[in-house]
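Scroll down for the structure; my scribbles are underneath it.
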Amino acid sequence: MAGAADLLGPKADRAFGLKLVAPAMIILIVLLALPTLLTLVYSLHDVPASGSSFGPFVGLENFTIIFLSPVFWRSAQVTLTFSVGFVILSTVIGLAMAMLLNQRFIGRGLARALLIIPWATPWLVIGILWKWFADGSVGGLNAVLMMLGLTSDYHPFLSDPNTALPITVLAAVWRQASFAGILLLAGLQTLPEELNEAAQLDGANWWQRFSNITLPWLRPVLITVTVFNVIYAFLQFDVVFAMTQGGPGDTTQVLSILIYRQLFVNTNIGLGSALAVILGVVALIGGLTIVRLFYRREMH
1 MAGAADLLGP KADRAFGLKL VAPAMIILIV LLALPTLLTL VYSLHDVPAS
51 GSSFGPFVGL ENFTIIFLSP VFWRSAQVTL TFSVGFVILS TVIGLAMAML
101 LNQRFIGRGL ARALLIIPWA TPWLVIGILW KWFADGSVGG LNAVLMMLGL
151 TSDYHPFLSD PNTALPITVL AAVWRQASFA GILLLAGLQT LPEELNEAAQ
201 LDGANWWQRF SNITLPWLRP VLITVTVFNV IYAFLQFDVV FAMTQGGPGD
251 TTQVLSILIY RQLFVNTNIG LGSALAVILG VVALIGGLTI VRLFYRREMH
C-alpha cells in the first residue's frame, strides 16, 4: 500500500501542477499559438481583402512573389542595417550605463531611478517624442547642434534619406539601452567586490579586470540582453512608424512597416501574412544564433 501511495503521490502532484499552469497555458494558446497558426495558414492562401475566408490555396506562391520582389530585398537591407546598429548600440550603451551606475557617487540613487524612465515609456510615445526632437523646423536636436556650433541652419533630419534611418535607430536605442542597462546593472550587483579587489592587488589594470572578471560574470545576462535586443530590432515597428512611416521613400521601410502596408494599406492578407512568417523566422534564427555563439565561446 505504501508503494502504491508513493506512486500516486507524484501523479497527484503533476495533476495539481497542471491545474495551476492551465490558465496561463490557455492564455498563451489564445494569444500566441492560434494567431501564429492562423498567420501561417493565411500565408499559404490567396486571402480575399475582406478576410471572410481563406480563399484559394496557393501553396508557396506568396513566398515566391516576396523573394522575387526587389521591394522585399530593399526592406530586408534596411531592416538588417537598423538591427545591427540597434543591437550594438543598445548593448554597448546599456553596459556603459550599468558600469557607471555601479560606481559610488553622489546622486547615484536618483540616476538609477532616472534610468527606468525611458524603459517605462511606450515605444509609440518614444517615436512621437523623437519626431518632435528631430523636427526640421523647431526640433531640439537642431537647436543643440546650433548652440554647439556644429550647424548654422536647421536640418530636416527625418526628410533627409542620409539621416532618417540613423535618427530612428538612435530613438529606438534610447529606450532599449535603458532596458539593457537595468538588467546589466542587476548582474553587476551580484559580482563580489572581493574578486576585483584581489585582482587589483595583483596588479591588474581596469581593462584586465573588466575583460577577465566583469564580462565573464555578466555572460548570462549579456546573452539575455542581446537576444532581447535582436528580437526587438527585427520586430521594431512603433518608433519607425511614428517618426517616418517608412519614409522618405523606402529609406526607413523595415520589414514590419512593409507588412503593415501589405496588410492594412494594400489589404493583401496572403502576402502580408507570408512576410510576417518570414520576419518571425528571421527573428527566431537571430536570437538562437546569438545564444549559440555565446555558449560556443564559453565552451572554448
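Using my numbering, read the sequence shown as starting at 1 and increasing by one per residue.
Cβ coordinates follow ideal geometry from the N, Cα and C atoms, glycine included.
Remember, it's a predicted structure, so these values are computed and weren't measured experimentally.
Check your understanding: So what's F54 in DSSP terms, helix, strand or just coil?
Key -> Residue 54 sits at position 54 when you count from the first residue of the sequence shown. F54 falls in the coil class under three-state DSSP.
Practice task
Within 10 angstroms of the Cβ of V92, are there 16 or more other Cβ atoms? Answer buried if so, exposed if not.
Solution key: By 1-based counting over the sequence shown, the position of residue 92 is 92. Under this definition V92 is an exposed residue.
- Message: From the DSSP secondary-structure annotation, give me the bridge partner or partners of H45.
- Response: Within the sequence shown, the letter at position 45 stands for residue 45. For H45, which the question treats as bridged, DSSP gives the partners F57.
query = What first and last residue would you give for the alpha helix (DSSP H) that runs through V169?
reply = Position 169 of the sequence shown, counting from 1, holds the residue named residue 169. That run of the alpha helix (DSSP H) goes 164–189.
**Prompt:** Span of the alpha helix (DSSP H) holding T226?
**Reply:** Position 226 of the sequence shown, counted from the first residue, corresponds to residue 226. Looking at the DSSP string, the run of the alpha helix (DSSP H) that includes T226 is 215–234.
query = What is the C-beta distance between G246 and V239, in whole angstroms, given that I count them as a contact (C-beta under 8 Å)?
reply = If you number the sequence shown from 1, residue 246 lands on position 246. If you number the sequence shown from 1, residue 239 lands on position 239. Distance from G246 to V239 at the Cβ level is roughly 12 Å; contact not present, criterion being Cβ atoms closer than 8 Å.
Q | Residue-level contact to chain D via CB, F179, 9 Å cutoff | A | Reference to chain D is not applicable here, since this structure consists of a single protein chain.
>> Pop quiz: L141 and F133 are said to be a contact at Cβ under 8 Å. What is the actual Cβ separation, rounded to whole angstroms?
In response: If you number the sequence shown from 1, residue 141 lands on position 141. If you number the sequence shown from 1, residue 133 lands on position 133. Yes, L141 and F133 are in contact; Cβ-Cβ is about 5 Å, under 8 Å.
ask   = Where do the ends of the alpha helix (DSSP H) carrying R261 lie?
value = Position 261 of the sequence shown, counted from the start, is the residue given in the question as residue 261. R261 -> no alpha helix (DSSP H), and no H or E assigned at all.
Stretch-stretch touch, CB-based, cutoff 8 Å, three pairs: the segment 97–117 with the segment 179–186 | Between the segment 97–117 and the segment 179–186 there are three or more inter-stretch CB-CB distances shorter than 8 Å, so the stretches are counted as touching.
TODO: For I128, I'd like the list of residues in its chain whose CB is within less than 6 Å of its CB, leaving aside the five on either flank, ordered along the chain.
DONE: Locating residue 128 in the sequence shown gives position 128, counting from the first residue. Cβ-Cβ distances below 6 Å link I128 to A242 in the same chain, with the five nearest sequence neighbours on each side left out; the list follows chain order.
When M147, S75, G287, A171 are compared against I341, the one with the closest alpha-carbon: Past the edges of the chain, shown from 1 to 300, lies residue 341, and the structure says nothing about it.
Assigned secondary structure, I66 (DSSP; H/G/I helix, E/B strand, else coil)
For this step, residue 66 is matched to residue 66 along the sequence shown. Helix.
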